[in-house]
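Q: Structure incoming, see below.
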Amino acid sequence: MNDTFFVSIATFIYFFSFFLMLLCVIFKKRFLERAALSFAAIGFTIHTVSIVLRWILSYQMGVGHAPLANFYESLVFFSWSIMFVYLIARNRYPNVFIGIISVFFAFIILSYTSLSGGVDSAIKPLIPALKSNWLISHVISSFLAYACFAIAFGSSVLYLIKIKVQPAIVPDAATLDEVTYRMISVGFVMLTLGIITGAAWADSAWGRYWGWDPKETWSFITWLIYGAFLHVHLARGWRGVKLSLISITGFVAVLFTYIGVNYLLAGLHSYL
Amino acid sequence: MTGKLVKFFSSVKLTVFLFLVLAATSILGTLVRQDLPLETQRSLYSPTVFSVLNFFNAFDMYHSWWFTALLVLLALNIIVCTRRQFARIGKLVFGSREHFDDAVFRTSPIRRKYPVRGDIETIRRESDDIVRELISAPATKTSADSFFMYAEKGRYSRLGMPFVHISVLLILFGGVIGTLFGFIGQMNIIEGEQSREVTLYGDRETKNLEFDVRCDKFTVDFYETGMPREYRSDLSIVDRGGETLASNAVRVNHPFVYEGLKFCQASYGIAGALNYLVGVRNEETGEKLNLRIDAVTEMSLPDGEAVLVLAKFLPDYKGQGPTVLAALVGPGEKRDMFRIFRDGSRFNRVRKSGLTFSLKDFDVLYYTGIQVSRDPGVVFVWTGFILIILGFVLHLFFSHKRVWVKLSGSPENYELWVAASADKNRKALEEKLDGLIAGKLAVEQTT
Ligand code: HEM
């Protein structure tokens, strides 16, 4: 059986979970939230199975490698990371809105991979530059960081909606502010780790740990933006709208680092 | 004056400002190509734009004086901040582990006071249990009708942030050392040959190594799909006497390090070919003949006066495959260049002489592009990387918690004072403390 089949099933389940969460917000029924969470967990399990299966299939094809090596695989792993971070974070913040944000992103990303047609899902052998033990640690830390930033982006947007429109169903602004901050402080550490493992990898593949390649530079830019966020938060006590705007800017930089660089700028990181 | 300067450099405003300026200028550096020679850049822009960009070193921005100056400002900023931070936390981290100070019951973020009655020994034991469970075994001062307890945990977690900040300094320092005392460049070595000359990146100057590097063999390996699987250069280090000092294979992601010099597989190319087998056919007589030619040389044709000259090998001529540029030189004939294509290709030309030539076989002669670098700053960078992670772990996963308990008053109306503080997640500590007091302090509480 094909791994993409499992990805499609996970996509549907995430959508259903998202739908239940919306109902839960509208009708304020606890059992709906529990059901939505169960579906999210089932979807996540199937999503995990698809990744493991792809890993196994690549070995059966004789080109074995962790499925973290091209655009398709990175998108599947990105949405997986968002769900992973969400399922951990919800122990601390059992707030249905974090679920809505996460499941929504996971669903959108997976739908894009299957529907856009521009994302090749075939299992390919690894080119020499990608054959490195650093691949796994670098990709995992980078995408966990991106996942944290995606959730922070969602809560910042909700925060602005809450402040400007004041819908009654959106949770209180202080909770959203707190979620944004927590996600970014963890995401910042993961991003630092991602940059460090990337530097170590570049040192073995290209003989230098830092070379101001566009992808490297954009990860640095992203790092600076979130670094600014943490400093105005902790040391200057900024809260609220201004902080949300920095978080949103940071996520734009994340997207540019992840995707924009590859299409718009020339560099060594031409694979994703 | 120094006061003002210190204040300027200790401000987080400056940090945020520098972060944002570094980010903005770095964006610029990804819009303007940094990897092209100046002449190419000149052709990309109008003369005015070019001179403005060049004035601001925009074509090699990350090594420009002003970008360096921003990083230096950041370093000063970190130094001053960390000093100040140490002044604040030094006593907390390295001070005495017995902290009996009455003031905490008025100033701590978490404060409680309970009137209690009963036997002092029981109250002490119960308080001791609470503190143990909340934090750790307390240090206790006792007298006849009072006691004072103090306990703390995780004081070193306060070093997390200074570690992170100092690590950034170390990384910047390593970068400076690398730029000042290291070098990076490339050498192209043809299979079987050796060289000591490295062409440095950037200024294109050359640098001679202390020894020769010989490429014993270069191989490139493909998957069935045609994608490259592996590039491999077998290198030897050869001293001036011709003696081989070391040999190793270099593959992508598997550099070879010799005496602080790092050799990486960077590129490869076709330098030429060897062992040509050239087929010659006389179109009139139908006579066929194969010529073995070792390298690009002259070769007399056996049946006549003419000499075949192989002048240059081209790995691919306009998508028609490999060719050899050749000339046939006969007595009194003027040189006429032509191309010899692969066997079976219809481009093989019949010459005036009535002969057709074809390239039947040859061995490709590769050159390997080896990147050579030396970076004495890299130890500082790695140390900084490890420390920054350590700092983050201390900062994220540990917190400095402290608790004080004091019993005062007379047996008729004792007062039990409790104070606590935590540098992170204070609410959790507060809830746990209240829970423990409610559950364990069995002494009758008067309201
Ligand atoms: C590239 C350099 C820097 C990095 C990576 C960095 C990183 C960090 C991080 C991750 C935090 C913790 C934020 C949080 O958990 O919310 C922090 C806190 C802080 N940083 Fe920096 N920082 C840098 C430079 C500076 C500089 C130059 C200053 C000097 C003004 C500074 C001052 C502070 C202060 C005062 C805090 C709060 C510490 C506390 O309350 O414990 N940082 N920094």
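These protein sequence lines map, in sequence, to chains D and Z.
Each residue of the first sequence is one higher than the last, beginning at 10 in the working numbering.
Each residue of the second sequence is one higher than the last, beginning at 1350 in the working numbering.
Every residue, glycine too, gets a C-beta built ideally from N, C-alpha and C.
Just so you know, these numbers come straight off a predicted model, no measurement behind them.
Measuring CB to CB, does Leu1419/Z end up less than 8 Å from Leu1371/Z?
A: yes
Q: If you follow the alpha helix (DSSP H) that Arg1504/Z is part of, which residue opens it and which one closes it?
A: Counting along the chain, Arg1504/Z falls outside any alpha helix (DSSP H), and DSSP gives it neither H nor E.
Q: Taking 8 Å as the threshold (beta carbon to beta carbon), is Cys1564/Z in contact with chain D?
A: no
Q: Give the DSSP-derived three-state secondary structure of Leu1756/Z in the structure shown.
A: In this structure, Leu1756/Z counts as strand in the three-state DSSP scheme.
Q: Check the Cβ of Tyr1617/Z against every Cβ in chain D and list those closer than 7 Å, keeping chain order.
A: The premise fails here: Tyr1617/Z is roughly 11 Å from chain D at the closest Cβ pair, so nothing lies under 7 Å.
Q: 8 Å is my cut-off, CB to CB: does Ala1372/Z come that close to chain D?
A: yes
Q: Drop a sphere of 10 angstroms on the beta-carbon of Glu1540/Z, count the other beta-carbons inside from all chains shown, and report buried for 16 or more, exposed for fewer.
A: buried
Q: For chain D, find out if any of its Cβ atoms is closer than 8 Å to the Cβ of Met1576/Z; answer yes or no.
A: yes
Q: Would you check whether ligand 1 has a heavy atom nearer than 7 Å to the C-beta of Leu1422/Z?
A: no
Q: How far does the beta strand (DSSP E) with Lys1462/Z in it reach, from first residue to last?
A: Ile1459 to Val1465
Q: Quick one: which residues of the region 208-240 of chain D get their C-beta closer than 7 Å to a C-beta of chain Z? List them in chain order.
A: Flagged, chain order: Ser213, Ala214, Trp215, Gly216, Arg217, Tyr218, Trp221, Pro223, Thr226, Trp227, Phe229, Ile230, Leu233, Ile234, Gly236, Ala237 and His240.
Q: Under a Cβ-count criterion, where at least 16 other Cβ atoms within 10 Å of its own Cβ denotes burial, should Ser83/D be classed as buried or exposed?
A: buried
Q: Per DSSP, what kind of secondary structure is Tyr1572/Z in: helix, strand or coil?
A: coil
Q: Give the DSSP bridge partners of His1749/Z, in chain order.
A: BP columns for His1749/Z are empty, so no partner.
Q: DSSP has Asp1561/Z in a bridge; who is on the other side?
A: Val1587/Z
Q: Taking just the CA atoms, how far does Pro134/D sit from Ala262/D?
A: 30 Å
Q: Buried or exposed, going by whether 16 or more other CB atoms sit within 10 Å of the CB of Val1398/Z?
A: exposed
Q: Note down, in chain order, each residue of its chain lying with its Cβ closer than 8 Å to the Cβ of Leu1610/Z, except the 5 sequence neighbours on either side.
A: Leu1558, Val1721, Ser1722 and Arg1723
Q: Does the CB of Asn1602/Z have a neighbour CB from chain D at under 8 Å?
A: yes
Q: Counting only the same chain and skipping the five closest in sequence on each side, list residues whose C-beta sits under 6 Å from that of Gly1509/Z.
A: Residues Gly1740, Leu1743 and His1744 of the same chain have their beta carbon placed closer than 6 Å to that of Gly1509/Z, with the five preceding and five following residues left out of the count.
Q: With a threshold of 7 Å on Cβ separation, who are the neighbours of Phe238/D within its own chain once the five nearest residues in sequence on each side are excluded?
A: If we look at Phe238/D and ignore the five residues flanking it on each side, its Cβ neighbours are Ile193, Leu252, Ile255, Ser256 and Gly259.
Q: Tell me His1603/Z's beta-bridge partners as DSSP assigns them.
A: Arg1600/Z
Q: Under DSSP, the alpha helix (DSSP H) around Phe36/D begins and ends at which residues?
A: Asp12 to Phe36
Q: Less than 8 Å between C-beta atoms, sequence neighbours within five positions excluded: which residues of the same chain meet that for Val58/D?
A: Phe15
Q: Per DSSP, what are the beta-bridge partners of Thr1389/Z in this structure?
A: Its beta-bridge partners do not exist; DSSP assigns none.
Q: Say whether chain Z places a C-beta atom closer than 8 Å to the C-beta of Thr201/D.
A: yes
Q: Identify the contact partners of Ser141/D in chain Z, using a Cβ-Cβ distance below 7 Å as the criterion.
A: Near Ser141/D (Cβ distances below 7 Å), the residues of chain Z are Asn1602.
Q: List, from N- to C-terminal side, the alpha helix (DSSP H) runs of 4 residues or more that fit wholly inside the region 32-75 of chain D.
A: As summarised for the region 32-75 of chain D, the continuous alpha helix (DSSP H) elements at least 4 residues long and confined to that stretch are 39-69, given in chain order.
Q: Does any heavy atom of ligand 1 sit closer than 7 Å to the C-beta of Cys1430/Z?
A: yes
Q: Give me the residue from Tyr235/D, Val270/D, Ile178/D and Phe229/D with the minimum Cα distance to Phe36/D.
A: Ile178/D
Q: Tell me whether Ser253/D, by its Cβ, gets closer than 7 Å to a heavy atom of ligand 1.
A: no
Q: So, using beta-carbon positions, are Cys1613/Z and Val1599/Z closer together than 8 Å?
A: yes
Q: Examine chain D for any beta-carbon lying closer than 8 Å to the beta-carbon of Gln1720/Z, and answer yes or no.
A: Closer than 8 Å: yes.
Q: Going along the chain, which residues of its own chain have a beta-carbon closer than 8 Å to the beta-carbon of Ser1492/Z, five neighbours each way excluded?
A: Result list for Ser1492/Z: empty, nothing under 8 Å.
Q: In terms of DSSP beta bridges, what is Ile1642/Z paired with?
A: Beta-bridge pairing links Ile1642/Z to Tyr1625/Z.
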